[in-house]
Amino acid sequence: MIQKLLLAGFLLATLPALGQKGSIYARENLIAWCIVPFDSKERNPEQRAEMLNKLGFTMLAYDWREKHIPEFDAELEALKKHHIKLQAFWLYSGPNPENDKNLPIILDLLKRHGVKTEIWCMIGGIKDMDKMTQQQKVEAVAKPVAYIADKAAEIGCTVGLYNHGGWYGVPENQLEVMGYLKRPNIGIVYNLHHAEDDIERFPKFFPKILPHLMAVNLMGLQKGNPVKVVPIGEGDAEADMIRIIRESAYRGPIGIINEETAPDAEVGLTMNVEGLKKILKQQGDSGALRSYE
């Protein structure tokens with residue numbers, strides 16, 4: 293309980309202000325996500341911020357590749373200039389993040405700019421996971437997560453465990469890691485575009501991750517074997533998941549993704565916003581729809 297209260301305190305400082313009756317799907321509560329490496333126009337930081345202003349986004353979750361590191365400072369400066377909040381900063385690390393050359397660059401960047409944000413964290417590269425017991429897996433993943441969370445806490449940031457397939461991406465496993473660590477600044481970022489195996493059981497586990505949920509990123513899901521990831525509104529599973537999320541106690545931000553939608557980030561974001569609006573109209577979420585007028 294104490295951990296949940298402490299995490300809630302961290303999150304309140306980073307969540308957008310919604311009225312008690314405000315919809316989590318309102319335009320001002322949307323985060324643009326997967327628009328840096330997934331953009332055929334390869335916009336620079338200024339062009340990207342201008343695009344977000346044009347589309348009405350007030351938050352960005354920043355994903356990047358090695359070639360973008362020299363632009364980190366320019367990115368934060370452009371966001372500040374255009375009044376866009378850095379809601380999250382993506383990080384992929386391995387079993388020994390103390391040797392990760394990129395982690396100190398990110399931490400120093402955020403510290404210098406005085407930005408307190410979420411670090412959306414993926415952990416990979418842990419060997420022989422298939423030979424471990426469940427407890428050994430928890431401990432193996434917990435080690436790098438603890439290091440990153442402690443370093444993030446030093447500059448007032450939180451860490452979101454990011455589902456991207458594999459053992460680490462299973463929500464119940466993430467809950468076990470969090471329970472083992474008991475760090476107050478660790479939460480969960482849940483992604484529908486990596487939820488192919490979760491469709492049927494989503495109503496069962498979603499209430500369990502709800503107290504720890506930092507962000508939800510939407511995408512369309514078309515049932516089948518295999519499940520297909522499609523733009524929002526073109527699937528046959530995401531509408532129910534979107535409804536469940538809206539009817540829950542979740543009050544955090546909602547990510548709109550471009551990754552698997554269109555080569556041009558502006559086109560992809562627009563397509564998914566329009567797909568979301570289609571679902572909101574079907575579900576009668578007039579409060580959210582008014583924010584797009």
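Counting in my numbering, the sequence shown runs from 293 upward without gaps. Yeah, the Cβ is synthetic: ideal placement off N, Cα and C, and Gly gets one too. The structure presented is a predicted model; accordingly, all values stated were derived computationally and were not measured.
Under the three-state reduction of DSSP, K419 is assigned to coil, being neither helix nor strand. In summary, T425 is exposed, with fewer than 16 beta-carbon neighbours lying within 10 Å of its beta-carbon over all protein chains present. S578 counts as exposed, since fewer than 16 other beta carbons sit within 10 angstroms of its beta carbon. In the DSSP assignment, T450 falls outside any alpha helix (DSSP H) and within the unbroken beta strand (DSSP E) covering 450-454. Per the coordinates, the alpha-carbon of L568 lies some 9 angstroms from the alpha-carbon of G512. Under the three-state reduction of DSSP, I491 is assigned to coil, being neither helix nor strand.
With a threshold of 16 other beta carbon atoms within 10 Å, S385 meets it and is buried. If you draw a straight line from the Cα of K573 to the Cα of L581, it comes to about 7 angstroms. Take G461, set aside five residues on each side of it, and the residues of its chain with a beta-carbon closer than 7 angstroms to its own are N455, H486, in chain order.
Assignment of Y354 by DSSP, reduced to helix, strand and coil, places it in the strand class. Judged by beta-carbon spacing, I524 lies beyond the 8 angstroms limit of N477, meaning their Cβ atoms are not closer than that value. When DSSP states are grouped into helix, strand and coil, K570 belongs to the helix group. Within the same chain, F498, P499, L502 come within 8 angstroms of S540 by CB-CB distance, once the 5 residues on both sides are set aside. For W382, the closest of G417, T450, M343 by C-alpha to C-alpha distance is T450. Contact between the region 368-378 and the region 411-420 is absent, with fewer than three C-beta pairs closer than 8 angstroms. Remark: C-beta atoms of V522 and Q514 approach each other more closely than 8 angstroms. Just measuring C-alpha positions, the residue of W325, G314, I447 sitting nearest N483 is W325. Boundaries of the alpha helix (DSSP H) harbouring N465: 463-473, taken from the DSSP string.
Nearest C-alpha to W412 among I480, P337, G560, G314: I480. If you draw a 10 Å sphere on the C-beta of P463, you find 16 or more other C-beta atoms in it, and that means buried.
Here N483 is bridged, per DSSP, to N509. The alpha-carbon separation between E338 and K570 amounts to approximately 31 angstroms. For Y384, there is no enclosing alpha helix (DSSP H); the residue is found in the beta strand (DSSP E) stretching over 377-385. Cβ-Cβ distances below 6 angstroms link F364 to L401 in the same chain, with the five nearest sequence neighbours on each side left out; the list follows chain order.
Judged by DSSP secondary structure, A324 falls outside any alpha helix (DSSP H) and instead within the beta strand (DSSP E) spanning 322-325. K373 is classed as exposed because its beta carbon has fewer than 16 other beta carbons within 10 Å across all chains shown.
Judged by their CB atoms, L561 and I546 are not nearer to each other than the 8 angstroms cut-off. When the alpha-carbon of M414 is set against those of D422, L473, P396, G458, the nearest one is in G458.
In this structure, the beta-carbon distance from I440 to P389 falls below 8 angstroms. Bounds of the alpha helix (DSSP H) holding V437 are 426-446.
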